[in-house]
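Structure first, then comments.
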Ligand code: AR6
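Numbering (the numbering used here), first residue to last: 1 to 187.
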């Protein structure tokens, strides 16, 4: 298996090439949209493999907490249904519109909020996909820079909270992009 491991204090930062739905972790993060009603890419795979219990809980969250949808950059947790993870943390990354419309801050917020939900629920191992770089069109090199910098900062400001934060990259090219940034930022 293709994998690279780094250390930030007591926390492992791991890059793996693989499928987010197969991760045996406390929480997998879903690259969702504001409706929380499912979609393609990571979102489609999570709902398909996790089964209907996830959508049922998303509907309840919409009804009770977010009638207008989950805002970009925020995160909520549900059951992971039939997935090997314990929980799914749904977050919404920004749609790329050229980069001058708050995209970097919103993407950082999606990572920070997801780790905040994990911390609040005591979820110590968390797996992320590359948020916003599929259907939402965020350039992968720029997204990797924000993802890794934000996760590193969040781990550093929350010592002892996370055992492992894992990035699960679907393609070899994405994996190499994240690895190149990690070698510079985390090494
Ligand atoms: N495991 C890991 N990574 C994956 C998987 C998987 N099973 N499937 C795709 N990727 P995307 P976004 C990669 O489009 O850009 C949905 O319709 C993919 O190659 O899933 O945040 C939602 O409902 C890419 O590198 O998320 C939203 O409407 C990365 O995951 C919208 O797409 C993210 O691609 C969100 O778009």
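By construction, the Cβ of each residue, glycine as well, lies at the ideal position given by its N, Cα and C atoms.
Asked                                                                                                                                                       : Found
Which same chain residues, not among the five before or five after residue 25, have their C-beta less than 7 Å away from its C-beta?                        : 85, 125, 126, 127 and 166
For residue 141, which of 118, 31 and 99 has the nearest alpha-carbon?                                                                                      : 99
Between the Cα of residue 50 and the Cα atoms of 62, 4, 69 and 30, which residue gives the shortest distance?                                               : 30
Can you tell me where the alpha helix (DSSP H) holding residue 107 begins and where it ends?                                                                : 103-121
In whole angstroms, give me the CA-to-CA distance for residue 106 and residue 93.                                                                           : 7 Å
Bridge partners of residue 169, per DSSP?                                                                                                                   : 17
In terms of DSSP beta bridges, what is residue 126 paired with?                                                                                             : 27 and 165
Could you spell out the range, first to last residue, of the alpha helix (DSSP H) harbouring residue 145?                                                   : 140-157
On the CB-based measure, 16 or more other CB atoms within 10 Å of its CB, does residue 33 come out buried or exposed?                                       : buried
Kindly indicate the opening and closing residues of the alpha helix (DSSP H) around residue 224.                                                            : Outside the displayed range of the chain (1 to 187) lies residue 224, so it cannot be described from this structure.
Tell me the residue span of the beta strand (DSSP E) that contains residue 76.                                                                              : 75-79
Comparing the CB of residue 72 with every heavy atom of the ligand AR6, is any distance shorter than 8 Å?                                                   : no
Can you give me the Cβ contacts of residue 185 inside the same chain, cut-off strictly under 7 Å, excluding the 5 residues immediately before and after it? : 148, 149 and 152
Measuring straight from C-alpha to C-alpha, what distance separates residue 10 and residue 154?                                                             : 13 Å
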